[in-house]
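Remarks on the structure that follows.
Now the structure itself:
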């Protein structure tokens, strides 16, 4: 027993329910109490009668939805999030509490959301990112606010692999974030929108992408990447031409 107690608890890897996809914590979003407004995420009446679950269970239950959320283990499937004025401002992830029952050993910690008290209800919103190159969004720091009062912040995207010409999509759902500065990547559409959804193209070799944003610092975007189309492999070589017949031998 003494030996077992001395060993640190083994951490389990976060189980992604689908090959090639990673479950990503988007952010912690407040919700209005029932007497002040509707639930920010649809389907509350259906969700509240289902058994409470953890992150992997909710991901499997919401396989048809791009987003899902936990509120003290109550699993809500959602096509979007952050649509109400109050919920458009994500909070510090610590406000979404600790892990759900059964998820305590997962790393990194996956918040379970908070249902009580009603005035401090929090939805822990998740999504699935798909990127064969491996991509992680990291918030660095908040910058000085603009004169208009808009929040500005700096972040970077770490790539496990880098492929020139690959495309990377950042999608913040309904959260009105926008990019105003970018390095180590190019906008796919130089005249297009800069958020909350935008497409980037990877240039020559680098290790990470840097961005400066206007908006909310605690909302992580969905990340999808598409490798550069590769030319088809060469076809089979044609069979060699038959050798020409040998000239007849001269008569003796």
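Numbering (our numbering), first residue to last: 3 to 254.
Idealized CB from N, CA, C, for every residue including glycine.
Quick caveat: nothing in here was measured; it's all calculated off a predicted structure.
Local conformation of residue i per DSSP, three classes
i, result
"residue 169", "strand"
"residue 57", "helix"
"residue 207", "coil"
"residue 52", "coil"
"residue 221", "coil"
"residue 93", "strand"
"residue 1", "Absent from the structure is residue 1, since the part of the chain shown begins at 3 and ends at 254."
"residue 123", "coil"
"residue 30", "strand"
"residue 20", "Legend: pLDDT at residue 20 = 32, less than 50; position of this residue unreliable, no value from coordinates given."
"residue 13", "With a pLDDT of 38 at residue 13, under the threshold of 50, the predicted position of this residue should be treated as unreliable, though the coordinate-derived value follows. The answer is coil: DSSP assigns residue 13 none of H, G, I, E or B."
"residue 6", "Per-residue confidence for residue 6 stands at a pLDDT of 30, beneath the threshold of 50, marking its modelled position as unreliable; no derived number is given."
Assumed close pair residue i, residue j - CB separation to whole angstroms, cut-off 8 Å
i, j, result
"residue 116", "residue 103", "Their Cβ separation, rounded to whole angstroms, is 14 Å, which puts residue 116 and residue 103 out of contact at 8 Å."
"residue 223", "residue 152", "Not quite, the Cβ-Cβ distance comes to about 18 Å (not below 8 Å), so this is no contact."
"residue 55", "residue 75", "6 Å"
"residue 160", "residue 140", "6 Å"
"residue 163", "residue 135", "4 Å"
"residue 186", "residue 208", "4 Å"
"residue 177", "residue 237", "Contact flag wrong, Cβ pair sits at about 48 Å."
"residue 133", "residue 227", "4 Å"
"residue 100", "residue 77", "About 17 Å separates the two Cβ atoms, so there is no contact after all."
"residue 67", "residue 80", "6 Å"
"residue 137", "residue 225", "5 Å"
Continuous beta strand (DSSP E) stretch holding residue i: start and end
i, result
"residue 212", "210-216"
"residue 224", "224-228"
"residue 70", "69-73"
"residue 80", "76-80"
N- and C-terminal bounds of the alpha helix (DSSP H) containing residue i
i, result
"residue 103", "Careful: residue 103 lies outside any alpha helix (DSSP H) and carries neither H nor E."
Take every Cβ of the region 222-234, pair it with every Cβ of the region 180-188, and state whether three or more of those distances are shorter than 8 Å. no
Which ranges does the beta strand (DSSP E) cover as unbroken runs of at least 3 residues, wholly within the region 130-188, from first to last along the chain? 137-145, 154-161, 169-173 and 180-185
If we count Cβ pairs, one from each stretch, closer than 8 Å, do we get three or more for the region 126-137 versus the region 55-64? yes
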